[in-house]
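Line order of the protein sequences matches chains C and P. Be aware that the first sequence starts at 1, since it is given in UniProt numbering, and climbs by one per residue. Be aware that the second sequence starts at 1, since it is given in UniProt numbering, and climbs by one per residue. Beneath this line is the structure, given in structure tokens, with notes to follow.
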Amino acid sequence: MSAQVLQVAEVEALSPLVTRFRFVHPEGEALPLFSGGAHVVVEMPDGAVLRRNAYSLISDPLDGSGYEIAVRRDEAGRGGSRFMHAEVAVGDLLRVGAPVNLFALDLRARRHVLIAGGIGITPFLAQIRQLIRLQLPFELHYAVRSRAEAAAARLLPDLAQVHLHISEEGSRMDLGEILSGQPLGTHVYVCGPEGLVDGVLDTARCLGWPKGALHSEAFLAPPPGEAFEVTLARSGRKIAVGPHQSLLEALEAAEVEVPWLCRGGACGQCETHVTSCSGHIEHHDHWLSDEARASQSAIMPCVSRFRGADLTIDR
Amino acid sequence: MPRTEFSPAIFSRPVYPGLISQGAVPAIMLAEGAGAEALIDLALADASVMDRAHVIYIPARGDSATGARLGQLGAKMYHEAPSYAACLERYRKALADAHMGTWLYLAGSEGLIGQAAAEATAAGLPADAILSEHRGPVTRRMQCVHCKGITEEVATDPFTCAHCGRSLFVRDHFSRRLGAFQGVAIDAETPGIVPEPRSIQR
Ligand code: FES
């Protein structure tokens, strides 16, 4: 994947848990522009392991002078966000991939309703700049538990259609109210924890919204789990996957080439055929069909794990 | 009349998968002639589909019995009109008042479905909120690409444009924007040499 070395230009705490990073070209060259909702994959040389985490771009899509991301520190995660928080400082050089958009605005929509929960606000920060520039009607709902957690609050424009919902202060988001009475041609976008994504999609479906008007991104970081082993059908090699490593990372460390794009179980690029399996695949992706999942005939190495005696994959 | 079936056709020909109840959500239902049977079948399969439905029906000339049956399905609103043109203002108003979550059920000839779907799309209704079932003749609604005139109920290929009189070849190219197929001059390169018209009522 095309990645280039960028320099960290700014590191700023947005909240106790969330930090903003700005990357620029070391020689000041312009970076490729992107569209709202795009992400980049940041490579983190963390001791012996090379981590690659995807982060939504939060800066202006039409500003090539730098890329900005916001990283939430996840203590229970596999270490990528801890690395960003603890190790990365202004002046550091990191490899950053080219922007890829798997959560783009549908510009045929007549109105855009954006619903974010917590750190799920990140793709919308870039999208609303795009919407404002294009003068398209939109409304944004940003739900957080407490005011202290509202990391992005001051990155949001002061507009009447931007709503902050703080559940601790009693201003809970009412999905039924948001989704009722929207004019024809409205599209809904949701990004946040799985519960919120499911809540929005279920509410919309009950109200009769057609599928094509619903867009979601569950920010999926590969979950940690127990260590396991996989056998590669093509070479017969056995690869060990550590508890804080994804199968994809383990394959990469062993120099086995696997295509990828999102590293979050959404794009389908890394889909790998399972040739034999005795045990249980822990599917964490949003890609495979229920049948493929149940038959254990395929696995998404970027997020899914395995528990059992033998897993042989076609790599 | 049963559901109209086509032989497998080329890609740009519309398909009409049939009406499937989306439950008691707001709905606009527009049917013409034999399309009434599709709405009756729909209500038989799920009566609740009529709870919030606004039904507009264009009966075949002289047929008052079918409309009477449709009117008894329990729709929230029921209205009859002698032609599509006559109900267009009502239909447009219904679309203008609709919100996301409203479904559109269309049943009848291909010409009616095409025009009504184009109208709904222009009003912002997403294409995947439109359900359609083709009942009735297999004639086509054709637009002449030369004079832009629409000829209704075309049953042969080639046919004569009702507006400019050219002999037009019936293409399978369907315009969703116009809700019509495209007809092009069949003798543009061999003026006057026009093949025998053959029936397209397959
Ligand atoms: S890399 Fe996108 S699904 Fe695995």
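Don't be surprised by glycine CBs; every beta carbon is placed ideally from N, CA and C.
Around the C-beta of residue i, are 16 or more other C-beta atoms found within 10 angstroms, so that it is buried, or is it exposed?
i: M77 (chain P); result: exposed
i: P204 (chain C); result: For clarity, residue 204 (chain C) is Ala in the given sequence; the question names Pro instead. Burial call: buried.
i: A206 (chain C); result: As written in the sequence, residue 206 (chain C) is Cys, which differs from the Ala given in the question. Exposed, since its Cβ has fewer than 16 Cβ neighbours within 10 Å.
i: A188 (chain P); result: exposed
i: H134 (chain P); result: buried
i: M1 (chain C); result: Any reading at M1 (chain C) must be qualified, since the residue scores a pLDDT of 49, below 50, and its modelled position is unreliable; no value is offered.
i: A86 (chain C); result: exposed
i: S109 (chain P); result: buried
i: G192 (chain C); result: buried
i: L44 (chain P); result: exposed
i: Q135 (chain C); result: exposed
i: D60 (chain C); result: buried
i: L104 (chain P); result: buried
i: I193 (chain P); result: exposed
i: S56 (chain C); result: buried
i: Q201 (chain P); result: exposed
i: Q72 (chain P); result: exposed
i: G37 (chain C); result: buried
i: H273 (chain C); result: exposed
i: A54 (chain C); result: buried
i: V5 (chain C); result: exposed
i: G176 (chain C); result: exposed
Answer yes or no: do residue i and residue j have a C-beta to C-beta separation smaller than 9 angstroms?
i: Q296 (chain C); j: R78 (chain C); result: no
i: R133 (chain C); j: L62 (chain C); result: yes
i: S167 (chain C); j: V190 (chain C); result: no
i: F138 (chain C); j: P123 (chain C); result: no
i: A227 (chain C); j: G242 (chain C); result: yes
i: V303 (chain C); j: H284 (chain C); result: yes
i: R72 (chain C); j: I119 (chain C); result: yes
i: E282 (chain C); j: R305 (chain C); result: yes
i: M100 (chain P); j: Q127 (chain C); result: no
i: L14 (chain C); j: A143 (chain C); result: no
i: A123 (chain P); j: R92 (chain P); result: yes
i: A89 (chain C); j: V8 (chain C); result: yes
i: G23 (chain P); j: S132 (chain P); result: no
i: C201 (chain C); j: G117 (chain C); result: Position check: residue 201 (chain C) holds Leu in this sequence, whereas Cys was assumed. Contact: no.
i: Y84 (chain P); j: E32 (chain P); result: yes
i: P32 (chain C); j: G64 (chain C); result: yes
i: F21 (chain C); j: N101 (chain C); result: no
i: L125 (chain P); j: A107 (chain P); result: no
i: E174 (chain P); j: P14 (chain P); result: The question names Glu, but residue 174 (chain P) in the sequence shown is Phe. In this structure, P14 (chain P) lies closer than 9 angstroms to F174 (chain P) by Cβ.
i: L311 (chain C); j: S276 (chain C); result: yes
i: R140 (chain P); j: A185 (chain P); result: no
i: L178 (chain P); j: Q143 (chain P); result: yes
i: R111 (chain C); j: F83 (chain C); result: no
i: A233 (chain C); j: I299 (chain C); result: no
i: P224 (chain C); j: A76 (chain C); result: yes
i: Q182 (chain P); j: V145 (chain P); result: yes
List the residues that DSSP assigns as beta-bridge partners of residue i.
i: G117 (chain C); result: C:A143
i: A218 (chain C); result: C:G192
i: E249 (chain C); result: Looking at the DSSP assignment, E249 (chain C) forms no beta bridge with any residue, so it has no partner.
i: Y55 (chain C); result: C:V40
i: C277 (chain C); result: C:L311
i: Y67 (chain C); result: C:F23
i: Y91 (chain P); result: Paired residue(s): none; Y91 (chain P) is not in a bridge.
i: Q4 (chain C); result: C:V96
i: E12 (chain C); result: C:R20
i: C144 (chain P); result: P:G183
Residues of the stretch 153-176 of chain C in Cβ contact with chain P at a cutoff of 7 angstroms, in chain order, please. none
Pairs of beta-carbons, one from the stretch 165-172 of chain P and one from the stretch 61-80 of chain P, closer than 8 angstroms: are there three or more? Using a Cβ-Cβ distance cut-off of 8 angstroms, the stretch 165-172 of chain P and the stretch 61-80 of chain P are not in contact, since fewer than three pairs of beta carbons, one from each stretch, lie closer than that value.
Do three or more CB pairs link the stretch 196-216 of chain C to the stretch 167-187 of chain C at distances below 8 angstroms? yes
Could you run through the stretch 77-102 of chain P and flag, in chain order, every residue whose CB is less than 9 angstroms away from some CB of chain C? Sequence-ordered contacts of the stretch 77-102 of chain P with chain C read L95, A96, A98, H99, M100, G101 and T102 [C-beta pairs closer than 9 angstroms].
Using a Cβ-Cβ cut-off of less than 8 angstroms, give me the residues of the stretch 67-80 of chain C that come near chain P, in sequence order. none
Cβ contact check for the stretch 36-50 of chain C and the stretch 87-98 of chain C: 3 or more pairs under 8 angstroms: yes
Could you list the residues in the stretch 104-133 of chain P with a C-beta less than 8 angstroms from some C-beta on chain C, going in chain order? A123, G124, L125, P126, A127, D128 and A129
If contact is defined by three or more beta carbon pairs under 8 angstroms, each pair taking one atom from either stretch, is the stretch 52-62 of chain P in contact with the stretch 20-31 of chain P? yes
Closer than 9 angstroms, Cβ to Cβ, to anything on chain P: give me those residues from the stretch 200-226 of chain C, in chain order. The stretch 200-226 of chain C vs chain P, Cβ under 9 angstroms: A204, C206, L207, G208, W209, P210, K211, G212 and A213.
Listed in chain order, which residues of the stretch 127-147 of chain C have Cβ atoms closer than 9 angstroms to some Cβ of chain P? Within the stretch 127-147 of chain C, no residue has a Cβ that lies closer than 9 angstroms to any Cβ of chain P.
Anything in the stretch 95-128 of chain C with a Cβ closer than 7 angstroms to a Cβ of chain P? List those residues in chain order, please. R110
Scan the stretch 10-23 of chain P for residues whose Cβ lies nearer than 9 angstroms to a Cβ of chain C and list them as they occur along the chain. Q22 and G23
Taking beta-carbon pairs under 8 angstroms, can you tell me which members of the stretch 275-291 of chain C lie near chain P? None of the residues of the stretch 275-291 of chain C has a beta carbon lying less than 8 angstroms from any beta carbon of chain P.
Selection of the stretch 177-201 of chain C by Cβ proximity to chain P, strictly under 9 angstroms: L179, S180, G181, Q182, P183, L184, G185, T186, H187 and V188
Taking a Cβ distance cut-off of 9 angstroms, strictly less, list which residues of the stretch 152-170 of chain P are near chain C, in chain order. The stretch 152-170 of chain P vs chain C, Cβ under 9 angstroms: nothing.
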